[in-house]
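Asker:
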Amino acid sequence: DTYGHACGDIILKSVAQTIRGLLRKYDVFARYGGEEFLTLLPETDLEGARVVAERFRRQIEKMTVRYADFTIKITITLGVAKFDERLGADRSIQMADKALYQGKEGGRNRVIVWKPEWVTESDYEAAAIELATLKKNADKPKGENFQVSLDYIEDHPLKMAAESAEQEKGENERDDENSPEEEEKQS
């Protein structure tokens, strides 16, 4: 905010490039919205994820970005949570997000690990309702299941990808209806 959107974009690209360089080839790293990123670390326990997050934090802390006449020091705060089957993916991500905000409130430039015991019964109840809705709709065509779980998140990257895939599928079906052989027969 202090230096403007163009500067913010340069900083986000620098942070993303640095973090990608610290990941294994099978880890997943994506922009999750605004200035937030999401990293999925398969086959990594909570302590291992904390170590990776701390590595990210230390590496970013060493960075500076030059923009116009400014030299800008960068820091990041990270929230870490483990995937919990009872919560599902979206709510597990929310736990990491809650840890992130605890870190920001506690002074920034830190790693906060969401402890499993911080999950409340209401978190599990809400997740159970969402998962039951998904199971109930499991017999619907593929793209509609995504719609149910992501409707409440406007412009969610997965929702946008599912919508794009459905649109592409529809275009391909129309193309199949008018195959070159059919068009040749019609002329």
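My numbering puts the first residue of the sequence shown at 56, with every later residue one more than the last.
A virtual CB, placed ideally from N, CA and C, is assigned to each residue, including glycine.
(1) Excluding five sequence neighbours on each side, which residues of the same chain lie with their C-beta closer than 8 Å to the C-beta of S147?
(2) Please specify which runs of the beta strand (DSSP E), each continuous and at least 3 residues long, are wholly inside the stretch 86-126, giving them in chain order.
(3) Using 8 Å for Cβ pairs, my map puts I131 next to V70. What's the rounded Cβ distance?
(4) Once DSSP output is grouped into helix, strand and coil, what is the label at G63?
(5) Can you tell me which of T99, V106, A182 and E90 puts its alpha carbon nearest to the alpha carbon of Q149?
(6) Does V174 come out as helix, strand or coil in the three-state DSSP assignment?
(7) Counting pairs of Cβ atoms below 8 Å between the stretch 57-67 and the stretch 116-132, do you hit three or more?
(8) Do L77 and A108 have their C-beta atoms closer together than 7 Å?
(9) Indicate whether L93 and A85 have their beta-carbon atoms separated by less than 7 Å.
(10) Using a Cβ-Cβ cut-off of 6 Å (strictly less than) and excluding sequence neighbours within five positions of K159, which residues of its own chain qualify?
(11) Go ahead and label I184 buried or exposed: buried means 16 or more other beta carbons lie within 10 angstroms of its beta carbon, across all protein chains shown.
(12) Sort out for me which residues DSSP pairs K128 with in a bridge.
(13) Assign F111 to buried or exposed, taking buried as 16 or more other Cβ atoms, counted over all protein chains shown, within 10 Å of its Cβ.
(14) Near A154, which residues of its chain fall below 7 Å by C-beta distance, leaving aside the five closest residues on each side in sequence?
(15) Straight-line CA distance for E180 to W173?
(16) Am I right that I115 and I127 are in contact with their C-beta atoms under 8 Å? What's the rounded C-beta distance?
(17) In terms of residue numbering, what span does the alpha helix (DSSP H) encompassing G162 cover?
Answerer: Well, looking at it:
(1) Position 92 of the sequence shown, counted from the start, is the residue given in the question as residue 147. Taken in chain order, the residues that qualify are A136, K137, F138 and D139.
(2) 91-95 and 119-122
(3) Residue 131 sits at position 76 when you count from the first residue of the sequence shown. Residue 70 sits at position 15 when you count from the first residue of the sequence shown. Right, the Cβ-Cβ distance comes to about 7 Å (below 8 Å), so this counts as a contact.
(4) The residue labelled residue 63 in the question sits at position 8 within the sequence shown. If DSSP states are grouped into helix, strand and coil, G63 belongs with the helices.
(5) By 1-based counting over the sequence shown, the position of residue 149 is 94. The shortest Cα separation from Q149 among T99, V106, A182 and E90 belongs to A182.
(6) Within the sequence shown, numbered from 1, the residue matching residue 174 stands at position 119. DSSP places V174 in coil when its eight states are reduced to three.
(7) Yes, they touch.
(8) Position 22 of the sequence shown, counted from the start, is the residue given in the question as residue 77. Position 53 of the sequence shown, counted from the start, is the residue given in the question as residue 108. Result no, Cβ atoms of L77 and A108 do not sit closer than 7 Å.
(9) Here residue 93 corresponds to residue number 38 of the sequence shown, with the count starting at 1. Here residue 85 corresponds to residue number 30 of the sequence shown, with the count starting at 1. In this structure, A85 lies closer than 7 Å to L93 by Cβ.
(10) Counting from 1 along the sequence shown, the entry for residue 159 is found at position 104. Closer than 6 Å at the Cβ level, and outside the excluded window around K159, lie T132.
(11) Here residue 184 is taken as the residue at index 129 of the sequence shown, counted from 1. With fewer than 16 Cβ atoms within 10 Å of its Cβ, I184 is classed as exposed.
(12) Position 73 of the sequence shown, counted from the start, is the residue given in the question as residue 128. Looking at the DSSP assignment, K128 forms a beta bridge with T119.
(13) Your numbering for residue 111 matches position 56 in the sequence shown. F111 is buried by the Cβ-count criterion.
(14) Numbered from its first residue, the sequence shown carries residue 154 at position 99. G134, V135, A136, I167, V168 and W169.
(15) As a first step, residue 180 is located in the sequence shown; it is residue number 125 there, counting from the start. As a first step, residue 173 is located in the sequence shown; it is residue number 118 there, counting from the start. Cα to Cα, E180 sits roughly 14 Å from W173.
(16) As a first step, residue 115 must be located in the sequence shown, where it is residue number 60. As a first step, residue 127 must be located in the sequence shown, where it is residue number 72. Not quite, the Cβ-Cβ distance comes to about 12 Å (not below 8 Å), so this is no contact.
(17) Here residue 162 corresponds to residue number 107 of the sequence shown, with the count starting at 1. It is not in any alpha helix (DSSP H) - G162 carries neither H nor E in the DSSP assignment.
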